[in-house]
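Residue numbering for the sequence shown follows numbering that gives the first Met the number 0, beginning at 0 and increasing consecutively. No residue lacks a Cβ here, since even glycine has one placed at the ideal position from N, Cα and C. Notes to accompany the following structure.
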Amino acid sequence: MDDNSYSQFVGWMKIILPLAALGLLSTVFLFARAPDSGSDIPYADVDVETLAEEQRINAPNYSGVADDGATIKISATSANADPNNDQTIEATKVAAQIITVEGETIDILASQGTVDSQAQTARLSGLARIITSTGYEMETNGVDADLESGLFETTGPVEARAPFGTLSAGRLVIEPATADTNTQVVFKDGVKLIYTRQP
């Protein structure tokens, strides 16, 4: 290959490789249905040079709709492609928000997370904080999420502060709404409650 052909090849690769990487990473967090609102369409601000060199997206921000109609939004400081699995990305400083069909919000903050775009699952790990609009604040060591169904479950024990006192349990499950029930936040396995008398 002569110098001119080689230069052209390199030039094309600088264009093609970033676009290919972007196409791969942009499939993450796409759920069973597209959001109803145009403002909920997944998007990300992308540093093309960084993406080409490291397959990293800075400040990705995605959203989708679960089977029960709840909106799930996930953002992170940065996201990298997993070198061992092209269907998985690894993210740092992850923030997830569930907006339930009843209009309540559940925010989950974690130091890191992984998302499998093929299985439509996510795991938020490290110290994870869960805050609800109904007044609960919880801490746990991780949260597993089924992004298609909207089911979230802690990977271990949970400590909670509630409007009526404090709670501890072996795990917490956020169950999506059904035809007969609203979204449920359920404490399971060895639940202990310390009631605080309200003034």
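Can you tell me where the beta strand (DSSP E) holding residue i begins and where it ends?
| i | result |
| --- | --- |
| proline 59 | 59-64 |
| glutamine 183 | 183-187 |
| proline 146 | Residue identity differs from the one stated: residue 146 is leucine in this sequence, not proline. Here leucine 146 belongs to no beta strand (DSSP E), and DSSP marks it neither H nor E. |
| valine 157 | 157-161 |
| threonine 165 | 164-168 |
| tyrosine 194 | 191-194 |
Going by C-alpha to C-alpha distance, which of the options sits closest to residue i?
| i | options | result |
| --- | --- | --- |
| isoleucine 56 | Asp66, Asp81, Arg196, Lys72 | Asp81 |
| glutamate 147 | Thr139, Asp67, Tyr61 | Asp67 |
| arginine 122 | Lys187, Glu136, Leu150 | Leu150 |
| glutamine 197 | Val114, Phe163, Leu171 | Phe163 |
| valine 185 | Tyr135, Gln111, Asn83 | Tyr135 |
| isoleucine 71 | Asn84, Val100, Ile88 | Val100 |
| valine 59 | Gly112, Ala69, Gly102 | Strictly speaking, residue 59 in this sequence is proline, with valine absent from that position. Among Gly112, Ala69, Gly102, the Cα nearest to that of proline 59 belongs to Gly112. |
| aspartate 143 | Asp179, Leu171, Ile88 | Leu171 |
| leucine 126 | Thr139, Arg160, Val114 | Thr139 |
| threonine 195 | Leu166, Thr180, Asp179 | Leu166 |
| asparagine 84 | Val114, Ser62, Ala159, Ala69 | Val114 |
| lysine 191 | Gly102, Ala161, Ala118 | Ala161 |
| glycine 102 | Ile88, Ala69, Thr180 | Ala69 |
Is it true that the CB of residue j sits closer than 7 angstroms to the CB of residue i?
| i | j | result |
| --- | --- | --- |
| glutamine 86 | serine 116 | yes |
| threonine 104 | serine 132 | yes |
| isoleucine 98 | isoleucine 129 | no |
| aspartate 145 | threonine 120 | yes |
| glycine 189 | glycine 169 | yes |
| alanine 159 | methionine 137 | yes |
Check your understanding: Taking only runs of the beta strand (DSSP E) that begin and end inside the stretch 63-119, which ones reach a length of at least 3 residues, in chain order?
Key -> 70-74, 77-81, 84-98, 104-115
Practice item. Please confirm if the stretch 173-181 is in contact with the stretch 154-161, defined as three or more CB-CB distances below 8 angstroms between the two stretches. Key: no
Exercise for review: Examine the Cβ distances between the stretch 59-79 and the stretch 88-96 and report whether three or more of them are shorter than 8 angstroms.
Suggested key: Verdict: yes, contact present.
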